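Accompanying notes for the structure given below.
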Amino acid sequence: MFFTQTSKVFVLTGAGISAESGIRTFRDANGLWEEHRVEDVASPEGFARDPKLVWKFYAQRRKQALGVKPNPAHVALARWQQRLALGGGRVFLCTQNVDDLHEQAGKEVGSTTPQILHMHGELFATRCSKVSCTTLPFRDERFEFTALPRCECGALQRPHIVWFGEIPFEMDRIKHQVRAADVFITVGSSGAVYPAAGLVREMEYRKARGESATSIYVGLERPENASSFDQVILGKAGEVLPGLIEAGQI
Ligand code: NAD
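For the sequence shown, this note's numbering begins at 22 and goes up steadily by one.
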């Protein structure tokens, strides 16, 4: 498969792309996230049960993420996004990650407005936990709290993260972009977390209808949804991806 300057590419990244920057994935921790059960620290029920634990967990993630840098995979994607935008094509970058390494990579390559959709939310953002509150989510780098943070309305604030059991952000826009893409690439995602893991199936449906639609997986091991991809390329994202993009070929 060769890319051109006018290719329309949809890239979905997962925790694996940030692994070489030093942020641990779920998979290499036996389903535990930094020693915690995911349902305790990343679910609405966990927050309702113990908001202090949840805030402590995300405060630690923020502190850790403030010290990490993008790796060659993030940088290669940022450059590619910039290059294709100039050539009339596009790289629509959608991430399941809550870190800001794609944004950092965008700045590193001089992109003023890197376009990244965080379907599972952002680590450095906070919002009110009350659904009916009209206060908007805001950028928040705090990682030390003397008390649980509260909104002006009096309700607890919560990390602006999509927890298990919640619906990812902007699904309509994401599906629209997948349908408009010639090529769908997933990088470093176990293929176990839905609906993200099901997006590749849109390319299968389109191929079945005779449309041109290619899907490629790049990551350390075969994902659970490997059979939906046309091609699975095994390796570390930071080692494999830059070469594939530079060669204009996957
Ligand atoms: P996952 O942890 O379920 O799977 C990670 C995948 O990355 C695995 O298949 C693994 O083989 C692969 N991988 C590990 N190291 C790699 C490398 N160097 N190069 C390429 N691939 C590598 O992650 P997921 O599928 O993204 O789903 C987990 C959920 O966890 C997501 O919703 C995400 O929001 C959240 N999460 C985010 C972060 C982050 O923001 N960095 C970190 C952990 C978990």
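Glycine residues also receive a C-beta, built at the ideal position from the N, C-alpha and C atoms. Just so you know, these numbers come straight off a predicted model, no measurement behind them.
Measure the beta-carbon distance from residue i to residue j and round it to whole angstroms, keeping in mind my assumption that it falls under 8 angstroms.
i, j, result
"G186", "Q117", "With 8 angstroms as the limit, G186 and Q117 do not qualify as a contact, their Cβ atoms being about 15 angstroms apart."
"F342", "Q198", "Residue 342 lies beyond the stretch modelled for the chain, which goes from 22 to 271, so this question has no answer here."
"S210", "L53", "That belief does not hold up - the Cβ atoms of S210 and L53 are roughly 18 angstroms apart, past 8 angstroms."
"F190", "G142", "7 angstroms"
"V208", "I38", "5 angstroms"
"M224", "A217", "Rounded, the Cβ-Cβ distance is 14 angstroms, inconsistent with contact."
Could you tell me whether any non-hydrogen atom of the ligand NAD is closer than 8 angstroms to the CB of residue i?
i, result
"F8", "Limits of the chain in this structure are 22 at one end and 271 at the other, which puts residue 8 out of reach."
"F47", "yes"
"Q117", "yes"
"G88", "no"
"K84", "no"
"S211", "yes"
"H181", "no"
"A80", "no"
"A94", "yes"
"P244", "yes"
"H57", "no"
"S327", "Only positions 22 to 271 of the chain appear in this structure, which leaves residue 327 out of reach."
"H141", "yes"
Taking 9 angstroms as the CB-CB cut-off, is residue i touching chain B?
i, result
"A99", "In the displayed structure, chain B is absent; only one protein chain is listed."
Exercise. Between the region 172-190 and the region 200-213, do three or more beta carbon pairs fall short of 8 angstroms?
Worked result: no
For this session: State whether the region 146-162 contacts the region 242-254, with contact taken as three or more CB pairs (one from each stretch) at a distance under 8 angstroms.
Result: no
Problem set entry | Uninterrupted beta strand (DSSP E) stretches inside the region 132-177 (no shorter than 3 residues) | 137-139, 142-149
Exercise. Quick one: any contact between the region 89-104 and the region 59-70, if contact means 3 or more CB pairs under 8 angstroms?
Worked result: no
Exercise. Would you call the region 96-111 and the region 74-87 touching, i.e. three or more CB-CB distances under 8 angstroms?
Worked result: no
Exercise. What are the uninterrupted segments assigned as alpha helix (DSSP H) that are 4 or more residues long and contained completely in the region 194-229, given in chain order?
Worked result: 222-229
Exercise. At which residue ranges does the region 45-75 contain complete alpha helix (DSSP H) runs of 4 or more residues, listed in the order of the chain?
Worked result: 59-62, 65-70
For this session: Please specify which runs of the alpha helix (DSSP H), each continuous and at least 4 residues long, are wholly inside the region 97-136, giving them in chain order.
Result: 122-129
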